[in-house]
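Everything below concerns the one structure shown next.
Number of protein chains: 2
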Amino acid sequence: MAESGARARRVAERRQQILDAARAVAETDGWAAVTSRRLADAIGYTQPVLYAHFPGGKTEIMRTVALAGFTELAAATRAAVGRKTGARAVAAVAGAYLDFAAAHPSLYEAMFQLPIDARFAQDDAEAELRSAFNALAAVLGDGDDETATEVLWSALHGMSLLECAGRMRPAHRTDRVAELAGRFGD
Amino acid sequence: MAESGARARRVAERRQQILDAARAVAETDGWAAVTSRRLADAIGYTQPVLYAHFPGGKTEIMRTVALAGFTELAAATRAAVGRKTGARAVAAVAGAYLDFAAAHPSLYEAMFQLPIDARFAQDDAEAELRSAFNALAAVLGDGDDETATEVLWSALHGMSLLECAGRMRPAHRTDRVAELAGRFGD
DNA sequence: GCTAGATATCTAGCGATGCTAACCTAGGCT
DNA sequence: AGCCTAGGTTAGCATCGCTAGATATCTAGC
């Protein structure tokens, strides 16, 4: 049993290696390039090892990456808001949100666009998601106006995707944030 | 040469058959189920026939389906707006937009989420997209405030996806539309 | 009416994918 | 010593998108 701690740590390390590799490959070559063979190569083992760590296969790996993404996004928006309030807080959270999506497009894609969502509603991923959602709700002042929060989140989400797809004018990003802050800042 | 008209028509008909089959399969079983073999089955031919009609393969088929989607979406929003103005127009366009996405989730997915966008910026798909975009711009009154239009579109797009993913409270849809109309109806 | 060429369609198969069953091979336990 | 389990590999299955080459069918000229 004395060794089980060390073994558990090695297992956890390799789990993280797999996740890091998946994220790195996705960020450079897209999720289509995240194949089991390529991941196995990246960690120096063969494919079945992946399934030992993630029985759910590629789906579970993507899901786990996405989960970490929600935690990071929540932290980023919270940090950006700080003690700001009103329109300035909305602008800060919007800027942080859009920056996050722009900086890690493939991570953001995993969080929202990949067919991972199926089981999201039931399990712990929902907790991380709610946390990120609450970070948005906090800046809107009125504690229980979930509708406004949903609309703000929608706008940020849509804007992130459309910016990423090249369907927003890149030069006018600050204008959009200002527009958003003006319309949602109290 | 006299037959070439009839032949051309038959080719066009089968092209449409393929598109219809792709859309139907996607709508019932998702885009992952839209395989070349299944499409070939659906039209009563074998796989190579698909490539005779769509040299670009599955990608081109999805792209063409998406293109039709843009046209339909633009028509739906325009019809919903009618002669309304201000907040009522925004509410109408928002309702129509969300209805469209909810009624044809896989079509909407093809339009925005599948890796089709790559070549969108350069070719004619952009025209359909601009048309849909302009339908949104029209309801915002100020002719050249593209920033507000971008933000509204972002909100609608994000809301559609999040509703589809089950991340918005379904019962509060009309609240969200009202919220949107209130904030953008100026 | 018959043959030659074009046109339409199919058979068969390639490489790559996600995933898994079966085997091997070390190390600790009795 | 001898077994047993954990950890790893090899090899392979079914399916995917896609394509080359053979085959059938129809058209056109004599």
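Taken in sequence, the protein lines are chains A and B. Sequential numbering of the first sequence, starting at 1, is according to this note's numbering. Sequential numbering of the second sequence, starting at 187, is according to this note's numbering. C-beta atoms are modelled at their ideal positions from N, C-alpha and C, and glycine is treated no differently. Model, not experiment: these values are computed from the prediction.
Answer yes or no: does any C-beta atom of chain A fall closer than 8 Å to that of residue i?
i	result
A313 (chain B)	no
T333 (chain B)	yes
R224 (chain B)	no
V337 (chain B)	yes
A324 (chain B)	no
L253 (chain B)	no
L236 (chain B)	no
G344 (chain B)	yes
S340 (chain B)	yes
R362 (chain B)	yes
L347 (chain B)	yes
So with Cβ pairs under 8 Å, would you call residue i a contact of chain B?
i	result
D29 (chain A)	no
E60 (chain A)	no
A106 (chain A)	Residue identity check: residue 106 (chain A) is Ser in the sequence provided, not Ala. No - not a single Cβ of chain B is within 8 Å of the one on S106 (chain A).
G185 (chain A)	no
M168 (chain A)	yes
H172 (chain A)	yes
R63 (chain A)	no
L180 (chain A)	yes
Q17 (chain A)	no
Q47 (chain A)	no
V11 (chain A)	no
V90 (chain A)	no
Using C-beta distances below 7 Å, list every residue in its chain close to residue i, excluding the 5 sequence neighbours before and after it, in chain order.
i	result
G166 (chain A)	none
A367 (chain B)	A273, V276, A277 and A280
A341 (chain B)	L366
A307 (chain B)	Residue placement at A307 (chain B) cannot be trusted, given a pLDDT of 46 that sits under 50; what the coordinates show is reported in the next sentence. Excluding residues within five positions, none has a Cβ falling inside 7 Å.
A101 (chain A)	Y108, S160 and C164
L50 (chain A)	I18, S36, L39 and A40
I43 (chain A)	R14, Q17, I18 and A21
A174 (chain B)	The structure shown does not extend to residue 174 (chain B), since chain B is modelled only from 187 through 372, so no value can be given for it.
R7 (chain A)	none
R195 (chain B)	none
Q190 (chain A)	In the structure displayed, chain A extends from 1 to 186; residue 190 (chain A) sits before or after that span and is not available.
Considering only residues of the same chain and omitting the five flanking positions on each side of residue i, which have a CB-CB separation below 6 Å?
i	result
R201 (chain B)	H239
G191 (chain A)	With chain A represented from 1 up to 186, any question about residue 191 (chain A) goes unanswered, as that position is not in the structure.
W153 (chain A)	L136
D227 (chain B)	none
M168 (chain A)	L162
V60 (chain A)	First, the residue type needs correcting, since residue 60 (chain A) is Glu and not Val in the sequence shown. F54.
F184 (chain A)	V90 and L152
N134 (chain A)	none
V81 (chain A)	A89, A92, V93 and V139
If I measure Cβ to Cβ from residue i and keep anything under 8 Å in the same chain, skipping five residues before and after, which residues do I get?
i	result
V65 (chain A)	L19, A22, R23, A26, L107 and A110
F70 (chain A)	M111, A125, E128, L129, S131 and A132
W31 (chain A)	M62, S106, E109, A110 and L114
V197 (chain B)	H239
L98 (chain A)	L156, M159, S160, E163, R173 and V177
T149 (chain A)	F133, L136, A137 and L140
Hey, would you say the C-beta of residue i is under 7 Å away from at least one heavy atom of the ligand SAM?
i	result
R195 (chain B)	Looking for the ligand SAM in the displayed structure turns up nothing, as the structure carries no ligands at all.
*State whether the region 127-134 of chain A contacts the region 67-74 of chain A, with contact taken as three or more CB pairs (one from each stretch) at a distance under 8 Å.*
Segments in contact, yes.
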